[in-house]
Amino acid sequence: MTSPGSRWDGFRRVFRLPTSADRLAREVDDELRFHIEGRIEELIAQGWSRDAAAAEAWRRFGDYVAYRREARDIDLITHHQRRRMDIIDAIRREARQSVRALARTPAFSLVALATLVLGIGATASIFTVLDAVVLRPLPYPSPDRLVSITHPVSGTAVTAGKWGVSPAGYFFFRREARTLAASGIYSTGTLSVRSSDGAARVQSAQITSSVFGVLGARPAAGRLLASDDDTPNGPIVAVLGYGFWQRAFGSDPSIVGHTIDVEGRPVLVVGVAGPDVNLPMPSAFASQADIAGFGVDVWLPLQLDPAARAVNTHPYSMLARLAPGASVDDAQRELAALTARLPEIAPSAYSPAFMRQYHFSMAVTPLQTEVVGATARVLWVVFGAVALVLLMAAANVANLFLVRLEAHRREAAVRAALGAGRAHLAVHYLSESLLLTLSAGALALLLAWGGLHVFVAVAPPSIPRLASVALGWRTVAFAGALSIALGVVFGLVPLASRRDVDTATLREGGRGLTSSRATRVVRDALIVGQMTLALVLLAAAGLMLRTVDQLRHVKPGFDPEHALTMHVHIPSSRYSGWAPVAAFHRSLQERVGALPGVRAVGGGTDAPLVSFGFCSIVWVEDHPLAPGEEPPCVKVTEAAPGFFSALGLPVRGRVPDWHDAEAGTGAVVVTRALAERFWPGENAIGRGIKGNGSRPPFYRVVGVADDVRGEGLEKPPVEAVFFPIIPMPEAPLWGPPNDLDLIVRTSLNDPTALVPTIRRTIAALDPMVSVDRVQTLTSVVQHSLARVSFILALLAIAALMALLLSAVGTYGVIAYLVTQRRSEIGLRMALGARAWEVTRLVVGHSLRLALLGAVIGTLAALATTRLLSSLLYGVQATDPVTFIGAVGFLLVVAVLASMAPARRAARVDPVEALRAS
Amino acid sequence: MPARSELDVVRGTLDLMILRALSWGPMHGLATLRWIEQRTRGELQIEDGALYPALHRLEQKNWLESEWGYTDAGRRARFYRLTPAGRRHLTAELSRWERYTIAVSRVLAPEPAR
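As they're listed, the protein sequences go chains A and B. With this note's numbering, letter number 322 in the first sequence gets 322, and the count goes up by one each step, no holes. With this note's numbering, letter number 96 in the second sequence gets 1013, and the count goes up by one each step, no holes.
So, in structure tokens, the structure goes:
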């Protein structure tokens, strides 16, 4: 029916003051009463008695209640319509006036607009990334109840970290843990799947069927894996990933019930997972750290046997859903206690000594933290930097508003004298500032949209959930709120410093002293504030710059120039066993090595910086273990002959060749770091080392490779053993190298030119062998710098923006001051001051502010760069060289920014200046 | 109560009569009604109360504007006055009404068309 009146009506209703609806109703009543009384008088004048007249008047009136209500309703509607029109008119009027006012000072308007667009745009962009990656919950039902379960392990730099769980451990925890409602384990990898278009490498996940339950997954077609599919040695079935189903099978539901060819074996497809079903990240031992867009194409059952003998390997990542009412801490406590019982449950895998040596324990982490963790820290740092820049932009614009206000002081005084109330002035200022900030906000969203596209393209692939970064309504709302908040602040700035506007100003005719002391202090404070923030950002950027520089000088150990690496998969269905795989390796090496332009070829299970990962335990002949001592854990790989020369990794001693491999002589190469660890100061050649036990025969060290930074440029040189690709008799190795990283050293400047030829050569050998992940070794090295370079780029951009804003701000204010003080300058020059003295005055002012900003900024930076220390390499967070450089840079910029106005001040003609005042 | 379409016709006619009445000068509601009653010489029976929704609606359409004032007797009353837009609307409606009545009476006339 009718809506209550305005906001004021509500307010008035609370305090029982009459509302406009009340007033309108009363008027209708008065009007109708007047009518009826008039009628009654008329009838009485005609001779009716009072009572009869009253009855007749009421009768003639008709349905009083209905007519009264009708009239009231119409009035209410009219009232609302009129008020709406008034408001719309008022808004239009204000907007038109604001546009005109802003257009009258185009320099101010454009500079302020540009500054705000930069500030809001940058902030909105980073907010979008932060929102998509860190803030938004994972796309599973009740994501806060999901946890990741790992074993934190202490050890050397190579071995420490978080391990996955062992099969025995998983079954035990699953059975005993009361705080977990459901749990599952998985490992990820890549497989060859043959569809109608040929063989393709797809991302696969091997899971226990319970994983789907934990994730709350639903099928899009058919069914998901069930507990029957977990039966060891049972039929292997597959569930397709939704995206893969769309891409490879055109969303054809009839694929369910058919078989697909996986690694040469037929596998029955029982269903397709729903569109949002995915693992949060690859498993702990995924060699490709590309979690940005990780998606599972094929889901297969693990089919682990709970009754199998427990072994001490931890290749599986464990996910669980907390039981209702259980907290993460509860689960942590229970699982830690259960972990402590592992030696008694599975003594063949977990000895008390092992537990002690590695401080083997359990960590239950909320899944979101696990996935996003380290990246979150980085992103918050970047967001902080950008927020600082926004603050600076805001300070700049606030300053511009103040300056502009002063120029219009007379106009404001006139308005006040003419009776403009404070509220009216507030509306006037607010409409101007809101118009400015809202326009800036709209343009900023455009900028952010473009910026985000660039960001997603250049961001390192180790940023999780990158695929979900997109400009959405949350960003729009954020930018909108920011624009409105800024608009309100800027609108109130003139009001805050309006105290001195009065008739005195009018009397003075607008000239005279430049401004009140309060305004000057505020203005200078804003400039100093900007300089401070600029310095903090410069220091941070400088530190990152030095980090990248230091990392760039770190030698990886091998020679990345002119070389390629590629991943070759030799299907175990066609090549099973050591000898066939090794034979294929050999023919591969011979064929590819014969190609023109190829200088050396060699393959290994892991190439440094490409896929070095976890460690394995080894036994050293010379160091029999003390009772209770655990064997050391080092990096272990298998390398075919030719690997080292292809890598360009120098080896002292000799390198195993094909004779060694085929005869099974057990020749290995170790890295210098490992030699230093086990045989410090001695010759490692001839020493014995092996995996899988301490009984002879041992493999013999025949060569020591130079230090190689296999795991990352910022990590210490890796301790590694390179075993041959065919084991010694009686001393088995882990398994034939069906997955190879092939290194091809070329004599070409652009090694990628050889790729098609290499592919053809390999296909000619065997078309079922797939080749992917081709990259040059130089890009591999650069890739390892990616994360740090990326952060540097962002901080550098932020710092440059900050510097630019400071310069603009300084220039603007100094220029204004020079204009205002023309008469003073003219006076000085008339009294004999020389041009350079005037220049010195102006630049001196700017320099004083900059120095103050630099001092405060240095203190602030010393306190805050600490936050970066986890990202730095080779440089301290309080590195003096960087800080001095930043301060110097800032001072130079401050001087330059004030040069132009200073020179203009020096050229002031004293006669003219004095005349004008 | 008359049926809906009849009501609209009645309303429209009433509006026109009110506008006509007020074209002679501002009046309050009762005076307007009396003026109409006099002119129709009692032929048309209009419920008193029906006037007020009509007046308020005409004000909503900006053809009338109202103002509280005092009668000669010193009583407080709401006076209505034609706006320029109302005057224009009245002129247009009057000519339409004339054309309408002439057309209808031609149809209803007793003599044959020839």
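Glycine included, each C-beta is placed from N, C-alpha and C at the ideal position. It should be emphasised that the depicted structure is a prediction, and the values quoted were computed from it without experimental measurement.
Specify, as a first and last residue, the run of the alpha helix (DSSP H) that residue i falls within.
i	result
M318 (chain A)	Looking at the DSSP string, M318 (chain A) is not in any alpha helix (DSSP H); the run it does join, the beta strand (DSSP E), is 317 to 322.
A886 (chain A)	880 to 906
R654 (chain A)	Run containing R654 (chain A): none; DSSP gives neither H nor E here.
R466 (chain A)	It is worth fixing the name first, because residue 466 (chain A) is Leu in this sequence and not Arg. Unbroken run through L466 (chain A): none, as it is neither H nor E.
L32 (chain A)	20 to 45
L130 (chain A)	106 to 130
A54 (chain A)	50 to 61
V855 (chain A)	835 to 864
G593 (chain A)	578 to 593
A340 (chain A)	328 to 340
Report all residues from its chain with a CB closer than 6 angstroms to the CB of residue i; omit the five preceding and five following residues, and keep chain order.
i	result
V655 (chain A)	F644, G703
P556 (chain A)	R709, V781
E984 (chain B)	F996
P571 (chain A)	E263, G264, M768
Y316 (chain A)	G164, V165, I185, S187
Can you give the Cα-Cα distance for residue i and residue j, rounded to whole angstroms?
i	j	result
E37 (chain A)	L418 (chain A)	48 angstroms
A539 (chain A)	V780 (chain A)	29 angstroms
V536 (chain A)	A860 (chain A)	7 angstroms
V554 (chain A)	S869 (chain A)	19 angstroms
I689 (chain A)	Y699 (chain A)	5 angstroms
L335 (chain A)	R377 (chain A)	27 angstroms
G991 (chain B)	A1002 (chain B)	30 angstroms
T998 (chain A)	P910 (chain A)	Only positions 1 to 917 of chain A appear in this structure, which leaves residue 998 (chain A) out of reach.
A220 (chain A)	L240 (chain A)	10 angstroms
S898 (chain A)	L400 (chain A)	16 angstroms
L1025 (chain B)	R82 (chain A)	45 angstroms
T665 (chain A)	V721 (chain A)	16 angstroms
L999 (chain B)	L975 (chain B)	10 angstroms
By alpha-carbon positions, which one of the options ends up nearest to residue i?
i	options	result
G243 (chain A)	A:G295, A:D706, A:P280, A:V237	A:G295
G271 (chain A)	A:W48, A:D606, A:R223, A:R247	A:R223
T671 (chain A)	A:H623, A:T637, A:A815, A:A663	A:T637
V592 (chain A)	A:V755, A:S806, A:P137, A:V855	A:V755
G809 (chain A)	A:I77, A:F584, A:L116, A:T858	A:L116
G686 (chain A)	A:E621, A:G712, A:A661, A:P650	A:E621
R552 (chain A)	A:S789, A:V476, A:N683	A:S789
T179 (chain A)	A:M281, A:A320, A:R100	A:A320
R59 (chain A)	A:T865, A:H35, A:A71	A:H35
V601 (chain A)	A:L118, A:H585, A:R465, A:H151	A:H585
G648 (chain A)	A:P729, A:P717, A:P560	A:P560
V276 (chain A)	A:D230, A:P232, A:L215, A:T231	According to the sequence as given, residue 276 (chain A) is Asp; it is not Val. Taking only the C-alpha atoms, the option nearest D276 (chain A) is A:L215.
Could you check whether the Cβ of residue i sits closer than 8 angstroms to any Cβ belonging to chain A?
i	result
G1034 (chain B)	Because chain B spans 918 through 1031 in this model, residue 1034 (chain B) falls outside it and cannot be assessed.
E960 (chain B)	no
R974 (chain B)	yes
E1010 (chain B)	no
Y969 (chain B)	yes
R995 (chain B)	yes
Q955 (chain B)	no
Would you say residue i lies against chain B (beta-carbon separation less than 8 angstroms)?
i	result
E31 (chain A)	yes
S3 (chain A)	At S3 (chain A), the pLDDT of 43 sits below 50, so the modelled position is not reliable; the number obtained from the coordinates is stated separately. No, S3 (chain A) lies away from the interface with chain B (no Cβ there is under 8 angstroms from its Cβ).
I74 (chain A)	yes
G450 (chain A)	no
G509 (chain A)	Note that G509 (chain A) has pLDDT 46, beneath the 50 cutoff, so the model's placement of it is unreliable and no number is given.
I40 (chain A)	no
R93 (chain A)	no
E56 (chain A)	no
Leaving out five residues before and five after residue i in sequence, what residues of the same chain have Cβ atoms less than 7 angstroms from its Cβ?
i	result
L513 (chain A)	At L513 (chain A), the pLDDT of 45 sits below 50, so the modelled position is not reliable and the matter cannot be decided from this model.
What residue range is occupied by the uninterrupted beta strand (DSSP E) comprising residue i?
i	result
T671 (chain A)	667 to 671
Y997 (chain B)	993 to 999
G688 (chain A)	688 to 690
Under 7 angstroms from any heavy atom of the ligand NAD, does the C-beta of residue i make it?
i	result
H945 (chain B)	Judged by which ligands are present, the structure shown has none, so any question about the ligand NAD falls away.
Can you find the residues in the same chain that come closer than 8 angstroms, C-beta to C-beta, to residue i, ignoring five residues on each side of it along the sequence?
i	result
L625 (chain A)	W619, P631, S694
V875 (chain A)	L543, R546, T547, Q550, T882
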